[in-house]
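**Q** First to last, the sequence lines map onto chains A and B.
Okay, so the first sequence: first residue is 34 according to the numbering used here, each after it adds one.
Okay, so the second sequence: first residue is 912 according to the numbering used here, each after it adds one.
A virtual CB, placed ideally from N, CA and C, is assigned to each residue, including glycine.
If you scroll down you'll find the structure; I have some questions about it.
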Amino acid sequence: MAGRFERTISVLQMSQDLYDFLLQRDDVVFRVHSIFRGAVNLLSPDKELATIARTDLDIMPMGMIVDLSSHAAWPFENDDSVLYGGQMEFVLPNSESRIRFRNARVWSPELAVPSGEVTCASKEMLDLIKKTLLELDSGGVASVIRFIDGDSNEPSSCTNIYARFITGDICSFLEAVEGKNWDLSLSRAELLIGFGPGLTPSCDDFLAAFILSLYYRNLWNHSDDHALLNFLHDVVDLARSRTTIVSYSMLKHASRGKASCSYLKVLDALATQNIPELHRAIERVLEFGATSGADFLFGVWCIQTIFSRWARQEECIVKKEDRI
Amino acid sequence: MIQSIVRKNAYYDSVTLMLISREMKSIEGVEEVLVGMGTDLNLDLVRNLNMFDANLESITPNDLFIAAKFNEEFVTMEQLVESFEEQINRKKDASAGDYRPPTLRSAIDHLEGANLVQISIPGQYAAEEAETALRAGLHVMMFSDNVSINDELRLKKMAVEKGLLMMGPDCGTAIINGVPLCFANVVSRGKIGLVGASGTGTQEITVRIDQLGEGLSQVIGTGGRDLREEIGGLMMIQGIEALLNDPETEVIVLVSKPPHPTVEKKIIDLVKQADKPVVIDFIGGDAASIVDAGATPCLSLEDAARKAVALLRGEKVVDFDGFDASEEEIEKLVSGSAAKLSAGQKYLRALYTGGTLADEAIKYLGDHYPIYSNIPLTPDRALANLEGLNGHICLDLGEDEFTRGRPHPMIDPLTRADFFKTHVNSSTAVVLCDVVIGYGAHENPAGAVAASVSEARERLKAEGKDLVVVASVTGTDKDPQGLDQSIASLEQAGVIVMPSNAQAVRLVDLIMEKVSA
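Structure below.
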């Protein structure tokens, strides 16, 4: 059997959702959607994107890490067929290769409830993120932080044309979210989805941070806020036709609490006040694309700042009620 | 001219797109270029910039577009597309120049062929970065300090297993394949290889070798703790083996403070097997075991340089504990200096920025006078035991206690300037200084010392007194600050500039002897 294949690549790690997806199917023909140096995207007939990445990349939802060094060539061409026949392996007829996931470790693309108390991000943590973003100047929309945090009154202080163009819309979105006006937030989000440089446009990375953070705040606080959950799903619905398929997949996963390993680690470190872990997670997140990591962190900084304000407001209300 | 092209279902990674976008913007005649995915909002931006054209009418979010505004007299859309294609095809090469990777992993990824990582970040994060580099098969030079000894041991073991160098933590200097790293001087390339556990000691030897007309093959730093029992000299041994195997190296120099006896034994055992001459300066250490190993012991850092050069040239190896200047000239300097001083001026102030240079001074002078220091020879000579300023003082201003919250004094001369103000007074007879130039150092350390000397002189003048200042410059004429310019600015301020730290220390010793008499 093994002799039929020129090459066999082993899968080291596989996300739980991809594992479940394949488990429910006996016969799927994926198409190679896009090929990058570090990863390959496969598209299923029902438009699910699966990502195969090398060991130097993070594992993602609907993803797997294969034992392939950065210098070895991918056994794919664009539009190649990739067959899954229920045997815990992908078969690549064009290159007479296979990718076996029989012994892969399974990774959950969701965060567990932190064991300790879940708190708002501290000022020190927010400052660490801000300092990183100011030093980085990534080329996406993250430089809007200068304007938002009062370091500058001029959108022109943003370092690139994308950031300058979108500053006003980001501010309007932040106001709507802070006011918990989800209908307004949705119409403001519409002005952001799909905007910016990159394969996952900058504003989508920014929104992914919002969606993930709001999802977990709702889950961990047992809030079950239907209006909020509807907002998250509606943003994803809007994204279906307004952004790239890669970006849409990312937002869809985020609305279910799923994200790449490093993105989740950032949220976990913030929730558990673990500064060394946050530092490491920031480093890793910044390896995403040219601007994606920084734009995601920018979103994290904005939404965590809003959480802090909400917490202060709630504290004031409690104190007021105590007095009454 | 405004024009665009669309690539259906074309996906390129973000880094590539960003680099290409920047590259295309730099082409002559191009006013603006947008390269992005065809989402509605990106097209809004294109419209806003008046760059929308008919090609973009039917684009979808999964298509790539290039929209350009350009002056046709200089460039055409075909040329821009050609440039785009060319860069897509050589995207890896293109990425190295313009892209600033945000992390070490992405830097390694984008700079193919790189084989050394220099780490200078807060100590608590440095070990993890070093491990990343070593795992990727790269040598490490770690300038960072405050790395735990356990981490140091773990990283050095990993380096040895992989046949790599793990220079540091707290490694201040190295010259690898002629490239100066961190604090290092521009010296000629040559046939003498050096492994050093002491930063300015290494610099002092390399510049003297250069001044004597020879050069360095490799200068490998180990970090100050390498020769402690816990680390076991792993990098000193790795460095010696590297130089023994290096065909460009004909003579090897080792410099460090005295190692732990168990570590010293390992080094001596290795040196016994060496098929190349080895010069060893375990500053102030025992010479007997060095001689037993068939190696050459030294009296000073300068002596180490001279002996290495003599061995390389096949000349007779002799101890050097004198001066370049004649006896008469030295006598004249000593008498002239003593004559400048008034009654009550009797104390030495040695204000060093280089730790090993301070160590060399204190070990020589400490035999003759009680010297109080933050790096004392014996605990009773600790600075805290000095009453007021009534005694001889030698300070290593680069030690942690003086650098908290401020840069190292080799970078920022303010620390020493402050000590000139507080520690040089009417009871001071002689000030002894080092001036370390080269890469990493302040842009004009000699000028800063000259200014401090002038200020001190002016202050003492009001009391009818003068001051003797002796210095040496660790540097070469090829360093950015220039050796000659540095010496000139010191001499202009009335500083006696000696050719090496050892000679400066010996001169100070003679002057102090005269003053005491």
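1) Does any residue of chain B have a CB that is nearer than 8 Å to the CB of A/Leu76?
2) If you reduce the DSSP assignment to three classes, tell me which class B/Arg918 lands in.
3) Residues of chain B with CB closer than 8 Å to the CB of A/Thr324, please, in chain order.
4) Residues of chain B with a CB under 8 Å from the CB of A/Gly172: which are they?
5) Quick check on the DSSP output: what are the complete beta strand (DSSP E) runs of length 3 or more inside the region 1013 to 1077 of chain B, in order along the chain?
6) Return the residue from the list A/Leu159, A/Arg138 and A/Phe69 that minimises the CA-CA distance to A/His312.
7) What span of residues does the alpha helix (DSSP H) with A/Phe54 cover, start to end?
8) Tell me the rounded alpha-carbon separation between B/Gly1386 and B/Tyr1275.
9) Ignoring anything shorter than 3 residues, give me the beta strand (DSSP E) runs that lie fully in the region 1252 to 1331 of chain B, in order along the chain.
10) Between A/Gly332 and the rest of its own chain, which residues show a CB-CB distance below 6 Å, the 5 nearest in sequence each way excluded?
11) To which residues of the same chain is B/Val1406 closer than 8 Å at the C-beta, ignoring the five residues directly before and after it?
12) From the beta carbon of A/Gly96, is the nearest beta carbon of chain B less than 8 Å away?
13) Which one or two residues does DSSP pair with B/Val1166 in a beta bridge?
14) State the DSSP-derived secondary structure class of B/Leu873, mapped to helix, strand or coil.
15) For B/Gly1074 and B/Gly1150, what's the separation of their Cα atoms in angstroms?
16) Cα-Cα, which of A/Glu150, A/Ser256 and A/Leu55 is closest to A/Arg135?
17) Specify, as a first and last residue, the run of the alpha helix (DSSP H) that A/Cys204 falls within.
18) If we ignore side chains and look at the alpha-carbon of each, how far apart do A/Asp237 and A/Gly227 end up?
19) Any C-beta of chain B sitting closer than 8 Å to the C-beta of A/Asp91?
20) Mind listing the chain A neighbours of B/Arg1065? Cutoff is C-beta to C-beta under 7 Å, in chain order.
21) Give the DSSP-derived three-state secondary structure of A/Arg64 in the structure shown.
22) When burial is assigned at 16 or more other CB atoms within 10 Å of the CB, is B/Thr927 buried or exposed?
23) Would you grab the beta carbon distance between B/Gly1349 and B/Asp1390 for me? Rounded to a whole angstrom, and I think it's under 8 Å.
24) Comparing the C-beta of A/Arg221 with each C-beta of chain B, is any distance below 8 Å?
25) Just to confirm my understanding: we take B/Val1182, look at its own chain, exclude 5 residues before and 5 after, and list those with CB closer than 6 Å. What are they?
26) Leaving out five residues on either side along the sequence, give the residues of the same chain with a beta carbon under 7 Å from the beta carbon of A/Ser155.
27) Assuming B/Tyr923 is part of the beta strand (DSSP E), what are its boundary residues?
28) Is B/Val1190 near the ligand NAP, with its Cβ less than 7 Å from a heavy atom?
29) Could you name the residues of the region 945 to 962 of chain B whose beta carbon sits closer than 7 Å to any beta carbon of chain A, in the order they occur along the chain?
30) Just how far apart, CA to CA, sit B/Thr1173 and B/Leu1138?
31) Where DSSP assigns a beta bridge to B/Val946, which residues make up the other side?
32) Keeping to the same chain, check which residues put their C-beta closer than 8 Å to that of A/Ile42; ignore five residues upstream and five downstream.
33) Which value, in whole angstroms, describes the spacing of the CA atoms of A/Asp258 and A/Asn251?
34) Take B/Leu1306 as the anchor and find which of B/Asn1336, B/Arg1317, B/Leu1325 and B/Ala1272 has the nearest alpha-carbon.
35) Decide if B/Phe1094 is buried, meaning its Cβ has at least 16 other Cβ atoms within 10 Å, or exposed.
36) In three-state terms, what does DSSP make of B/Pro1356?
**A** In short, the structure shows the following:
1) no
2) strand
3) Ser925 and Met929
4) Met929
5) 1027 to 1030 and 1050 to 1053
6) A/Leu159
7) Gln49 to Leu56
8) 22 Å
9) 1258 to 1263, 1282 to 1284 and 1303 to 1307
10) Phe239, Ala242 and Phe243
11) Cys1344, Val1360, Ala1361, Val1364, Val1380, Val1381 and Ala1382
12) no
13) B/Gly1107 and B/Asp1192
14) What the structure shows of chain B is the stretch from 912 to 1428, and residue 873 of chain B is not part of that stretch, so it cannot be assessed.
15) 10 Å
16) A/Leu55
17) Ile194 to Glu211
18) 6 Å
19) no
20) Here the premise fails: no neighbours, minimum Cβ distance about 17 Å.
21) strand
22) buried
23) 5 Å
24) no
25) Val1189, Ala1204 and Ala1206
26) Gln306
27) Segment: none, B/Tyr923 is in no beta strand (DSSP E) and carries neither H nor E.
28) Annotation note on the ligand NAP: not contained in the displayed structure, which lists no ligands.
29) Gly947, Met948, Thr950, Asp951, Leu952, Asn953, Leu956 and Asn959
30) 9 Å
31) B/Ile977
32) Val99, Asp100, Leu101, Pro108, Ser130, Arg131, Ile132 and Arg133
33) 7 Å
34) B/Ala1272
35) buried
36) helix
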